[in-house]
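Asker: After the structure tokens below, expect a handful of questions from me.
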Amino acid sequence: MLLENTARLDALAVETPRARRSGTSVLERPRTGHSPAAGQAATNLRTGHQPHTAGRIMTTRLVSVRRDETAAAALEQVRRLANETETIDTLYVTGAGRRLEGVLTLRDLLAADPGSVVDDLMSRTDVAVATGTAQEQVARLLHELGLLAVPVVDEEARLVGIVTADDVSGHAGLADARNEADRSALLVHGSIAHIWKVRLPFLLITLVAGVLAGLVIEGFEEALESIAAVAVFIPLIMDMGGNVGTQSSTVFARGVVLGHIHMSRFRDHFLKEVGVGLSLGVLVGTVSGVIAALWQGMPLLGLAVGLALVAAMTLASLLGFLVPYVLIRLGIDQAAGSAPIITSIKDIAGLLIYFGFVSLFLAHLM
Numbered sequence: 001m002l003l004e005n006t007a008r009l010d011a012l013a014v015e016t017p018r019a020r021r022s023g024t025s026v027l028e029r030p031r032t033g034h035s036p037a038a039g040q041a042a043t044n045l046r047t048g049h050q051p052h053t054a055g056r057i058m059t060t061r062l063v064s065v066r067r068d069e070t071a072a073a074a075l076e077q078v079r080r081l082a083n084e085t086e087t088i089d090t091l092y093v094t095g096a097g098r099r100l101e102g103v104l105t106l107r108d109l110l111a112a113d114p115g116s117v118v119d120d121l122m123s124r125t126d127v128a129v130a131t132g133t134a135q136e137q138v139a140r141l142l143h144e145l146g147l148l149a150v151p152v153v154d155e156e157a158r159l160v161g162i163v164t165a166d167d168v169s170g171h172a173g174l175a176d177a178r179n180e181a182d183r184s185a186l187l188v189h190g191s192i193a194h195i196w197k198v199r200l201p202f203l204l205i206t207l208v209a210g211v212l213a214g215l216v217i218e219g220f221e222e223a224l225e226s227i228a229a230v231a232v233f234i235p236l237i238m239d240m241g242g243n244v245g246t247q248s249s250t251v252f253a254r255g256v257v258l259g260h261i262h263m264s265r266f267r268d269h270f271l272k273e274v275g276v277g278l279s280l281g282v283l284v285g286t287v288s289g290v291i292a293a294l295w296q297g298m299p300l301l302g303l304a305v306g307l308a309l310v311a312a313m314t315l316a317s318l319l320g321f322l323v324p325y326v327l328i329r330l331g332i333d334q335a336a337g338s339a340p341i342i343t344s345i346k347d348i349a350g351l352l353i354y355f356g357f358v359s360l361f362l363a364h365l366m
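First residue of the sequence shown: 1, per the UniProt record's numbering; consecutive thereafter.
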């Protein structure tokens with residue numbers, strides 16, 4: 001039952017097999033009808049929630065039926081308010097305290113014996129979103145489950161409104177969900193030629209970047225000949241940046257798929273990830289710098305290694321979120337393109353940063 005899942009509704013609920021039986025296309029209005037006072041109360045309720053959340057975009061004008069009502073009473077309720085609803089294909093059933101208990105299709109209601117009880121006719125459902133669920137997640141849920149509407153419940157699992165597909169039809173989250181699903185399907189089930197077409201261009205970018213990285217190293221050949229120890233830490237700079245970039249891009253991709261990262265709040269997620277990269281860079285850079293200084297007996301080399309790691313890891317963390325986000329916005333498959341682009345930028349920039357610090361601190365030894 002929905003009540004058992006309320007604690008997990010800060011994201012989105014799951015769909016039970018019985019929930020599928022109902023179909024879901026709902027737009028309902030209050031049992032009490034429509035009045036200016038009720039409209040104002042609904043407006044106050046919606047504006048009490050954060051922008052871009054289910055609570056802010058939901059409609060509170062809905063028809064609900066009680067589980068202990070007869071089919072005849074429920075049908076009379078539908079008839080009375082039918083002109084105020086956009087669709088009555090599915091009705092939501094509430095129990096004690098207006099808690100959402102299930103759904104009932106209009107077809108089942110019309111076919112039922114007038115004296116039968118709604119509780120015996122309805123299908124249990126766990127499909128719902130919390131008032132604080134991000135608008136993007138609602139859009140994704142509607143698309144992935146093929147729903148026309150989803151109920152909104154508060155922290156006590158009480159039905160407070162619904163969000164329809166029309167409410168989020170223009171939202172980027174719905175378009176992103178559709179586009180990502182289509183692109184993923186093509187990468188798995190498409191022809192070899194199509195997969196080549198998608199993946200090969202990004203691999204060519206990596207090839208070009210590898211050549212450019214080689215040119216960067218060649219440009220600092222004099223420094224490498226003068227101070228052989230400089231070359232020892234090149235793999236460290238490149239590998240640490242690569243690992244951080246991979247972690248960040250994986251976190252982003254997983255967060256988008258699971259709905260934990262909301263495109264409408266990308267700036268907050270992005271700044272947090274950059275902060276994580278910076279803090280990790282400071283920690284790893286400090287440890288690595290001390291090791292380099294003691295190992296090679298060159299404190300300034302240790303300083304160059306430490307600062308280069310801080311910069312490289314922060315940059316990699318930034319790219320890990322920014323690159324896939326930009327690719328999604330451009331309609332390009334981020335699964336195939338993120339890693340090659342991140343690796344290319346990170347490798348070239350990491351080398352330039354490292355050799356830049358080496359040139360700054362160790363110029364007197366070259």
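For each residue, glycine too, the CB sits at the ideal point set by N, CA and C.
According to DSSP, Ala130 sits in a beta bridge with which residue or residues?
Answerer: Here residue 130 refers to the residue found at position 130 of the sequence shown. In DSSP, Ala130 forms a bridge with Val153.
Asker: Skipping 5 residues on each side, what residues in its chain have a beta carbon closer than 6 Å to that of Gly55?
Answerer: For the purposes of this step, residue 55 is taken as the residue at position 55 of the sequence shown. The answer, listed in chain order, is His49 and Thr131.
Asker: Can the beta-carbon of Gly255 be found less than 9 Å from the beta-carbon of Gly320?
Answerer: For the purposes of this step, residue 255 is identified with residue 255 of the sequence shown, where counting begins at 1. For the purposes of this step, residue 320 is identified with residue 320 of the sequence shown, where counting begins at 1. It is not a contact, given that the beta carbons lie outside the stated cut-off.
Asker: Reducing DSSP to helix, strand and coil, say where Ser249 ends up.
Answerer: Looking up residue 249 in the sequence shown gives position 249. Helix.
Asker: DSSP puts Gly161 in a beta bridge; with which residues?
Answerer: As a first step, residue 161 must be located in the sequence shown, where it is residue number 161. According to DSSP, which records beta bridges pairwise, Gly161 is partnered with Val152.
Asker: By how many angstroms is the C-alpha of Leu200 removed from the C-alpha of Thr133?
Answerer: Taking the sequence shown and counting its residues from 1, the one referred to as residue 133 is at position 133. Taking the sequence shown and counting its residues from 1, the one referred to as residue 200 is at position 200. When rounded, the distance between both Cα atoms is 38 Å.
Asker: Among Gly302, Met263 and Val274, which one has its Cα closest to the Cα of Thr314?
Answerer: The residue you call residue 314 lines up with position 314 of the sequence shown. Among Gly302, Met263 and Val274, the Cα nearest to that of Thr314 is on Val274.
Asker: Classify Thr96 as buried or exposed, calling it buried when 16 or more other Cβ atoms lie within 10 Å of its own Cβ.
Answerer: Looking up residue 96 in the sequence shown gives position 96. It is worth fixing the name first, because residue 96 is Ala in this sequence and not Thr. Exposed is the call here.
Asker: Under the assumption that Phe252 contacts Pro324 (Cβ atoms under 8 Å), give the Cβ distance between them as a whole number of angstroms.
Answerer: For this step, residue 252 is matched to residue 252 along the sequence shown. For this step, residue 324 is matched to residue 324 along the sequence shown. That belief holds up - the Cβ atoms of Phe252 and Pro324 are roughly 5 Å apart, short of 8 Å.
Asker: Sort Asp113, Val284, Gln137 and Leu309 by Cα distance to Ala74 and report the nearest one.
Answerer: Your numbering for residue 74 matches position 74 in the sequence shown. Ranking the options by Cα distance to Ala74, first place goes to Asp113.
Asker: Kindly indicate which three-state DSSP category Asn44 falls into: helix, strand or coil?
Answerer: Locating residue 44 in the sequence shown gives position 44, where the first residue counts as 1. Any reading at Asn44 is ruled out, since the residue's pLDDT is 45, under 50, leaving its predicted position unreliable.
Asker: Among the candidates Leu81, Ala149, Val358 and Glu76, whose CA atom is the shortest distance from the CA of Leu224?
Answerer: Taking the first residue of the sequence shown as 1, we reach residue 224 at position 224. Closest by alpha carbon: Val358.
Asker: Between Leu300 and Ala293, what straight-line distance do the alpha-carbon atoms span, to the nearest angstrom?
Answerer: By one-based count along the sequence shown, residue 300 stands at place 300. By one-based count along the sequence shown, residue 293 stands at place 293. When rounded, the distance between both Cα atoms is 7 Å.
Asker: Indicate the three-state DSSP secondary structure (helix, strand or coil) for Gly297 in the structure shown.
Answerer: The residue given as residue 297 occupies position 297 in the sequence shown. Residue state, collapsed to three classes: coil.
Asker: Where does Ala37 land, buried or exposed, given buried means 16+ other C-beta within 10 angstroms?
Answerer: Along the sequence shown, one-based indexing puts residue 37 at 37. Per-residue confidence for Ala37 stands at a pLDDT of 45, beneath the threshold of 50, marking its modelled position as unreliable; the derived number appears in the next sentence. Label assigned to Ala37: exposed.
Asker: Is it buried or exposed, Pro51, if we count other Cβ atoms within 10 angstroms and call 16 or more buried?
Answerer: Locating residue 51 in the sequence shown gives position 51, where the first residue counts as 1. Pro51 comes out exposed.
Asker: Per DSSP, which residues does Arg124 bridge with? Please list them.
Answerer: Start at 1 with the first residue of the sequence shown, and residue 124 comes out as number 124. For Arg124, which the question treats as bridged, DSSP gives the partners Gly102.
Asker: If we count the other Cβ atoms within 10 Å of its Cβ and call it buried at 16 or more, is Ala82 buried or exposed?
Answerer: As a working mapping, residue 82 is identified with position 82 in the sequence shown. So Ala82 counts as exposed.
Asker: For residue 378, which option in Leu236, Phe266, Ile192 and Ala363 has the closest C-alpha, if you only look at C-alpha atoms?
Answerer: Residue numbering for the chain in the displayed model covers 1 to 366; residue 378 lies beyond these limits and cannot be assessed.
Asker: Alpha carbons only, please: which of Leu352, Ile348, Val63 and Ile353 is nearest the one belonging to Thr206?
Answerer: By 1-based counting over the sequence shown, the position of residue 206 is 206. Of the candidates Leu352, Ile348, Val63 and Ile353, the one whose C-alpha sits nearest the C-alpha of Thr206 is Ile348.
Asker: Quick one: using the 10 Å Cβ neighbour count with 16 as the cut-off for buried, is Lys197 buried or exposed?
Answerer: Residue 197 sits at position 197 when you count from the first residue of the sequence shown. So Lys197 counts as exposed.
Asker: Among the residues of its own chain, which have a CB less than 6 Å from the CB of Ile237, if the five just before and after it don't count?
Answerer: Counting from 1 along the sequence shown, the entry for residue 237 is found at position 237. Excluding residues within five positions, the ones whose Cβ falls inside 6 Å are Ala308, Ala312, Gly350 and Tyr354.
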